[in-house]
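Worksheet: the structure to be examined is printed underneath.
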Amino acid sequence: MAVTLAAVRFSSVCKNLGDVRVLDHVDLEIPMGTVTAILGESGSGKSTLLNHINGLLVPDKGQVEVLGSELNANNMQAMRRRMGYAVQAVGLFPHLRLYENITLAATLFGGSAQATRDRARRLMGLLKLGDELENRYPHELSGGQQQRAGLARALMLQPDLLLLDEPFSGVDPIARVNLHAEFRNLLAAEPATTILVTHDVQEAVKLASQFVILQSGQVLQQGSADSVRSSPATEFVAQLFQDVS
Amino acid sequence: MKKLLGSVLACIPLTQAVAADAPIIIGSKNFTESYLLAEMMAQLLETRGVPVQRQFGFGGTKVSFEALVNGEIDAYPEYSGTIAQVILDGDSDMSTADIRAGLETMGLEILAPLGFNNTYAVAVAADVAEARQLEKISDLSLHPDLRGGFSHEFRNRQDGWPGLVESYGLNLNTSGIEHGLAYQAIAERKIDVTDAYSTDGELTRYNLVLLDDNKNYFPSYLAVPLVRRQLDLSAKIILNSMAGRLTDARMRELNAAVVIDKLPIAAVAARFLQSEGLSDKRSSTDDGMWTQLRRNTLRHLQLTIIALVMACLAGTGLSLAVYRSGRAAGLVLYLAGLIQTVPSIALLALMIPLLGVGMLPAIVALFLYSLLPILRNAITALTTIDPVYRRVAEAMGLTRRQQLRYVLMPLAYPHILAGIRTAAVISIGTATLAAFIGAGGLGEPIVTGLALNNTSLILQGAIPAALLAVATEIAFSGLERQMIPRHIRQSQ
Chain V
27 MAVTLAAVRF SSVCKNLGDV RVLDHVDLEI PMGTVTAILG ESGSGKSTLL
77 NHINGLLVPD KGQVEVLGSE LNANNMQAMR RRMGYAVQAV GLFPHLRLYE
127 NITLAATLFG GSAQATRDRA RRLMGLLKLG DELENRYPHE LSGGQQQRAG
177 LARALMLQPD LLLLDEPFSG VDPIARVNLH AEFRNLLAAE PATTILVTHD
227 VQEAVKLASQ FVILQSGQVL QQGSADSVRS SPATEFVAQL FQDVS
Chain G
678 MKKLLGSVLA CIPLTQAVAA DAPIIIGSKN FTESYLLAEM MAQLLETRGV
728 PVQRQFGFGG TKVSFEALVN GEIDAYPEYS GTIAQVILDG DSDMSTADIR
778 AGLETMGLEI LAPLGFNNTY AVAVAADVAE ARQLEKISDL SLHPDLRGGF
828 SHEFRNRQDG WPGLVESYGL NLNTSGIEHG LAYQAIAERK IDVTDAYSTD
878 GELTRYNLVL LDDNKNYFPS YLAVPLVRRQ LDLSAKIILN SMAGRLTDAR
928 MRELNAAVVI DKLPIAAVAA RFLQSEGLSD KRSSTDDGMW TQLRRNTLRH
978 LQLTIIALVM ACLAGTGLSL AVYRSGRAAG LVLYLAGLIQ TVPSIALLAL
1028 MIPLLGVGML PAIVALFLYS LLPILRNAIT ALTTIDPVYR RVAEAMGLTR
1078 RQQLRYVLMP LAYPHILAGI RTAAVISIGT ATLAAFIGAG GLGEPIVTGL
1128 ALNNTSLILQ GAIPAALLAV ATEIAFSGLE RQMIPRHIRQ SQ
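So this is what it looks like as structure tokens:
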């Protein structure tokens, strides 16, 4: 039987934050080369799960394996440099200009100036960030431009794994539709295994081929879009996809 | 860090090395007579070709005595009764032999008395004294209708009024009055008799006479040069040439020349030495105002800048070490806050037993004072940065050092700089108090001016100190404009 390499594997992972059990014996396997949506209501443990992948959180129990290795103090920084990370709040550094924000990591990790420049220009082009924006500070950009800049920063180091925590939630619905389209084009041009945390089922269906559905820190179901929709594991999963076209 | 502090400290002339050609350092306390006597001692040595350095205006007996014992000064004028009571912890009527013996164990000695006795005295208006034929304190017992107005301290001290009544059998009606108001009250005939110091220059202004202490009730406060035993013998001999030359009346006149006629101390001292044939110079080679101003300002800057640089290094270093742990940060802030609650003059005084007097304790006190604003701002800045920046920087794979250098510190700079700015302005103000422990700076003319009731001297320190504080404010806001993008400044 052919063994496909998992991008991320969770084995019986438990995590408490304070007295609350946020992840409860999570077993999970996310295949390489897919776009996987992690779906669930607020407080279901989606972001906590994502933050275990890049080591911002460590499990109380169980194991997390990323790109074939378990994260530890020795490989943490190297592993993180193989993962792009974009969040709803964007978190562009306010003291740096747009170009500096996108290229900070590349500059610090020793990329050549020319290569860095070419890569940044390419990403800015793909994300429709015009050259005239390069020298603007984050507060001088629109919400949509900030989200695009956040994505460009996450993709700058050509990551093997792209972690997105509700990156499209902060923008208005019209801008969001455009962003979805651009994001699909972007992934076509810059393929990366992507894990997208979202509470928006429409968005998940539009962008992802695989789903993980979480409720109260437990995985209810995991599988391809078709399998989850055609045979939902629980009533909750069925309801979740009820109104999706 | 240690090495750096060491080399910074090594650059400061904290104490004068005892070398053959090192100047003799003359100190004084911060009141008119002490300044005058010290200036006379200094000029006398200078006229004989001995190099002298003046370190005037120490805030009290303990401070000047510590300075002498630690070798930060070589000599200063003191009073026998004070030496007996304050320094040797004995009775004020201790014999000269006992005083000498007591001082010898401390490596100190007194030279020959200068002649006058600045002790408590009983004063009455000259015309009242004449009308009632009052010459001696005992004469007061014949005039129970006279009204006594005495300072509160004098009324309550056992060696003040109570003892005087007992010793002379007096029977006056007395009331308490602030010493500073008593002479005026006599001039306005509200009281007739008051306590005084026998060489007080104000006695001349108000035309008061002192009644003779014919029962030798008051202890002796003979003025003497108090010196280190190891002071050069020839210097001791030169200083001894002043022995017995100052009567109570003469000292009163000289004090009056400074306090009432507002003559410069150096000029009054020079005139005295010249009239005694101890010097042929008409006036001393006193530094001009601008030279003094320059010297004081430079010293002031030296004190504050060294303290501030040390506080910046220690404050930001400590903040970086503790900001991740809420408990450690809380403890550090609590301790720094505790230091801040100690009044600055008390903090300076606390330094004396630990570090003596002069620049070092002043710098340490200013350093401790500057710590809190720097620590508080730096820790607050580092702990209140939006956690999303922290999370993104960490998730990018930046090392802890890179996170600090490229993300956290730039975001914290405005706050940290504001803390340093506060610390700098506080330091410039507090450094004026450093003159009380002989550290010099712009506090020196202020302290002297306060002691001599000389407003122009006070302003010579106060105005430049205020200008320095304002200039510091302006310089820091310029620096902030240079270093920090506008939108970051405005979001603070």
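Just so you know, the sequences run in chain order V and G.
Once you know that position 38 of the first sequence is 64 in our numbering, the rest is easy, because the numbers rise by one and skip nothing.
Once you know that position 417 of the second sequence is 1094 in our numbering, the rest is easy, because the numbers rise by one and skip nothing.
We put the beta carbon where it would ideally sit given N, CA and C, even for glycine.
Given the structure is predicted, the values throughout are model-derived calculations rather than measurements.
Proximal residues to residue i (C-beta, below 6 Å), its chain only, five neighbours per side dropped
{"i": "LEU76(V)", "result": "LEU189, ASP191 and VAL223"}
{"i": "GLU723(G)", "result": "VAL729"}
{"i": "LEU205(V)", "result": "PHE194"}
{"i": "LEU923(G)", "result": "LEU791, GLY792 and PHE793"}
{"i": "PRO1122(G)", "result": "LEU1134, GLN1137 and GLY1138"}
{"i": "GLY779(G)", "result": "LEU765"}
Exposed unless 16 or more other CB atoms sit within 10 angstroms - verdict on residue i
{"i": "LEU247(V)", "result": "Reading off the sequence shown, one finds Gln at residue 247(V), where the question assumed Leu. Flag for GLN247(V) reads buried."}
{"i": "GLU716(G)", "result": "buried"}
{"i": "LEU93(V)", "result": "buried"}
{"i": "ASN42(V)", "result": "exposed"}
{"i": "TRP838(G)", "result": "buried"}
{"i": "ASP869(G)", "result": "buried"}
{"i": "THR1132(G)", "result": "exposed"}
{"i": "VAL48(V)", "result": "buried"}
{"i": "PRO1141(G)", "result": "buried"}
{"i": "HIS165(V)", "result": "exposed"}
{"i": "ASP157(V)", "result": "exposed"}
{"i": "ALA808(G)", "result": "exposed"}
{"i": "HIS977(G)", "result": "buried"}
{"i": "LEU791(G)", "result": "buried"}
{"i": "SER68(V)", "result": "exposed"}
{"i": "LYS72(V)", "result": "buried"}
{"i": "GLN265(V)", "result": "exposed"}
{"i": "PRO821(G)", "result": "exposed"}
{"i": "MET150(V)", "result": "buried"}
{"i": "ILE996(G)", "result": "Note on residue identity: the sequence assigns Ser, not Ile, to residue 996(G). Result: buried."}
Contact belief for residue i with residue j at Cβ below 8 Å, rounded distance in angstroms
{"i": "THR178(V)", "j": "LEU155(V)", "result": "In the sequence under discussion, the amino acid at residue 178(V) is Ala, which differs from the Thr named in the question. Correct: roughly 7 Å between the Cβ atoms."}
{"i": "ASP889(G)", "j": "GLU812(G)", "result": "6 Å"}
{"i": "ILE702(G)", "j": "MET718(G)", "result": "Actually they are not in contact, since the Cβ atoms of ILE702(G) and MET718(G) sit about 11 Å apart, beyond 8 Å."}
{"i": "PRO896(G)", "j": "THR796(G)", "result": "6 Å"}
Cβ-based neighbour list, residue i, same chain, cut-off 8 Å, excluding 5 preceding and 5 following
{"i": "ALA230(V)", "result": "ALA63, LEU65, LEU222, THR224 and PHE237"}
{"i": "THR881(G)", "result": "ARG929, GLU930, ALA933 and ILE937"}
Cβ shell of residue i (< 7 Å), same chain only, five flanking positions each side left out
{"i": "SER844(G)", "result": "LYS892 and TYR894"}
{"i": "VAL270(V)", "result": "VAL227, GLN228 and VAL231"}
{"i": "SER262(V)", "result": "As written in the sequence, residue 262(V) is Phe, which differs from the Ser given in the question. Hits under 7 Å: GLN241 and LEU246."}
{"i": "LEU97(V)", "result": "GLY81, VAL90 and MET105"}
{"i": "ILE1165(G)", "result": "PRO1091"}
C-alpha distance - residue i paired with residue j, whole-angstrom precision
{"i": "ALA1005(G)", "j": "GLY994(G)", "result": "14 Å"}
{"i": "LEU130(V)", "j": "GLU749(G)", "result": "56 Å"}
{"i": "SER961(G)", "j": "ALA944(G)", "result": "Unreliable positioning characterises SER961(G) in this predicted model, as indicated by a pLDDT of 48, which lies under 50. The coordinate reading is nonetheless provided below. Roughly 7 Å separates the two Cα atoms."}
{"i": "ASP186(V)", "j": "ARG107(V)", "result": "9 Å"}
{"i": "LEU990(G)", "j": "ALA1148(G)", "result": "23 Å"}
{"i": "ALA806(G)", "j": "GLY758(G)", "result": "29 Å"}
{"i": "LEU714(G)", "j": "PHE793(G)", "result": "12 Å"}
{"i": "GLY840(G)", "j": "PHE827(G)", "result": "14 Å"}
{"i": "THR738(G)", "j": "ALA926(G)", "result": "24 Å"}
{"i": "VAL1084(G)", "j": "PHE119(V)", "result": "7 Å"}
{"i": "ALA694(G)", "j": "GLN951(G)", "result": "Residue confidence for ALA694(G) is low, a pLDDT of 38 falling below 50, so the modelled location carries little weight and cannot support an answer."}
{"i": "PRO85(V)", "j": "GLN244(V)", "result": "14 Å"}
{"i": "THR851(G)", "j": "GLY857(G)", "result": "17 Å"}
{"i": "ALA859(G)", "j": "LEU823(G)", "result": "15 Å"}
{"i": "GLN762(G)", "j": "ARG777(G)", "result": "14 Å"}
{"i": "ALA946(G)", "j": "ASP909(G)", "result": "23 Å"}
{"i": "ALA32(V)", "j": "HIS78(V)", "result": "16 Å"}
{"i": "VAL746(G)", "j": "GLY734(G)", "result": "17 Å"}
{"i": "THR74(V)", "j": "LEU83(V)", "result": "7 Å"}
{"i": "GLN1079(G)", "j": "MET58(V)", "result": "31 Å"}
{"i": "SER253(V)", "j": "ASP53(V)", "result": "18 Å"}
Cutoff 8 Å: residue i Cβ touching any chain B Cβ
{"i": "MET1073(G)", "result": "Among the protein chains of the structure shown, namely V and G, there is no chain B."}
Cβ contact (3+ pairs, closer than 8 Å) linking the stretch 1029–1041 of chain G and the stretch 1104–1120 of chain G: Yes, the stretch 1029–1041 of chain G is in contact with the stretch 1104–1120 of chain G.
At least 3 beta-carbon pairs within less than 8 Å: the stretch 1095–1104 of chain G vs the stretch 941–959 of chain G: These segments do not touch.
The stretch 1050–1065 of chain G touching the stretch 1010–1028 of chain G, judged by at least three CB pairs closer than 8 Å: yes
Segment contact, 8 Å Cβ cut-off, at least three pairs: the stretch 782–789 of chain G with the stretch 1155–1165 of chain G: no
Three-pair Cβ contact test at 8 Å for the stretch 753–772 of chain G versus the stretch 912–921 of chain G: no
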